[in-house]
Amino acid sequence: MTESWGRLLTILANGECHSGEALGVELGVSRAAIWKQIQAMAQVGIHVESVRGAGYCLPGGMSLLSEGEILKALEGMPAGAQGQLQCVMHSQLDSTNERVLQRIRAGESGHGYACLAELQTAGRGRRGRQWQSPYGRNVYLSLGWRFERGVAAMEGLSLAIGVAVCRALEKNFSLNAELKWPNDVLLAGRKLGGILLEVAGDLSGECYVVAGVGLNVTMPSAAAQAIDQPWIDVASCIDSEGLIDRNQLAAALLFELSCVLSDYEQRGFAAYKDEWKMRCPHIGASVQLSSHSNTLVGEMVGVDDTGALLLLVDGELKPYSGGELSLRLASS
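Put into structure tokens, the structure is as follows:
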């Protein structure tokens, strides 16, 4: 952490009360300086309570991300493509996707470059929407990967990345997450996370994809007020009194993402289509497909080998794809 309050947060993260005097001694600063740091933390949504006679505490504690802990967790997973990963952790960024893209545009290798942040000030989702990114509560990560044959080899990749996210949740929390076309991760019909793919380089030759994943882990109510759709987080779906280990979750996500990305050019979406369909609750349902200029209502039949949505409208089956399309259940 580069913030002046980084060391203070590390101490308070255990959720216990610490006196201002003890904190000042440990950090080598005055009690007034401790108070200023706590005020600075409040500016990024970290609310420390002052308890009379006990000191300061962070209610519920906080599981802080650590490059070392993530890499340690990755080492304990089955041998695979995670050996190619370079993991870089930031306390605060505009966007993890943007940071990886900047690296690629500067001529540095983005292959296997994993960027994580505790806080995003300009996190974004599909169609330019803002992604709510409160400090230290969720997982925001982006992974760069090189493709030799251009964007044509990436058809359906966002759907396959969704499968990877579901696998990580199932293996670590026994959560049966679902997928909504093209890039939403759901639980109990509510949004748990999202996926954003961006491409840099020669679109017809060697290029990079940046796979961004945002996942709600312990979403604070203050940040949730800005979300414009039904949502859910991991904490509300599991029976656990302790903190959720976000390092283990981040490592699991990176492992599953690297497994998909490492051989996607050879296997394509066809290798993931059946699993994606199994995890999609909308197949066979009446849905509404919208763009900026048009809306269609029909039956969602499934997806094809490129990841395109198959929609049956007035007896005619057609594939639909494109980043500006939005899907929802049709009104009854």
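First residue of the sequence shown: 1, per the UniProt record's numbering; consecutive thereafter. Positions of the beta carbon are idealized from the N, C-alpha and C atoms, including for glycine.
Three-state secondary structure (DSSP) of residue i
i	result
Met-154	helix
Thr-2	With a pLDDT of 46 at Thr-2, under the threshold of 50, the modelled position of this residue cannot be trusted; read the value that follows with caution. Coil, per DSSP.
Tyr-272	coil
Gln-288	strand
Val-44	coil
Leu-179	strand
Cys-280	coil
Glu-108	coil
Arg-327	Reading off the sequence, residue 327 comes out as Leu, not Arg. Of the three classes helix, strand and coil, the one that applies to Leu-327 here is strand, per DSSP.
Leu-215	strand
Leu-243	coil
Ile-29	It should be pointed out that residue 29 corresponds to Val in this sequence rather than to Ile. Coil, per DSSP.
Leu-159	helix
Leu-71	helix
Leu-169	helix
Beta-ladder partner(s) of residue i, from DSSP
i	result
Cys-115	Val-88 and Ser-142
Trp-231	Lys-191
Glu-98	Its beta-bridge partners do not exist; DSSP assigns none.
Glu-299	Ser-286 and Leu-312
residue 350	Lying before the first or after the last residue shown, residue 350 is absent from the chain, which here runs from 1 to 332.
Lys-318	Leu-311
Leu-23	Paired residues: none, contrary to the question.
Gln-120	Leu-93
Sub-8 angstroms separation of residue i and residue j beta-carbons
i	j	result
Ser-142	Glu-118	no
Gly-268	Ile-283	no
His-61	Leu-159	With the sequence shown as reference, residue 61 is identified as Gly, and His is not the correct amino acid for it. Not in contact: Gly-61 and Leu-159 (Cβ atoms no closer than 8 angstroms).
Arg-137	His-111	no
Asp-305	Pro-319	no
Val-185	Leu-192	yes
Leu-329	Val-287	yes
Ile-161	Val-260	yes
Tyr-135	Ile-11	no
Ala-73	Ser-258	no
Residue i CB to nearest heavy atom of the ligand GTP below 7 angstroms
i	result
Arg-279	The model depicted lacks the ligand GTP and carries no ligand whatsoever.
Run of the alpha helix (DSSP H) containing residue i, from where it starts to where it stops
i	result
Cys-259	246-262
Glu-148	No alpha helix (DSSP H) holds Glu-148; DSSP gives it neither H nor E.
Leu-203	Segment: none, Leu-203 is in no alpha helix (DSSP H) and carries neither H nor E.
Ala-13	Taken as a continuous stretch (DSSP letters only), Ala-13 belongs to no alpha helix (DSSP H), as it is neither H nor E.
Gly-136	Premise fails: Gly-136 is in no alpha helix (DSSP H) and is neither H nor E.
Spatial neighbours of residue i in its chain, beta-carbon cut-off 8 angstroms, leaving aside the 5 residues before and after
i	result
Cys-17	Val-51, Ala-54, Gly-55, Tyr-56 and Cys-57
Asn-172	Gln-248, Leu-249 and Ala-252
Sequence-distant residues of its chain with Cβ nearer than 7 angstroms to residue i (five each side left out)
i	result
Arg-31	Gly-20, Glu-21 and Gly-24
Val-100	Gly-110, Tyr-113, Cys-115, Ser-142, Gly-144 and Val-210
Met-41	Trp-5, Leu-9 and Val-48
Same chain only: Cβ atoms within 6 angstroms of residue i, ignoring 5 sequence neighbours per side
i	result
Ala-122	Asp-94 and Ser-95
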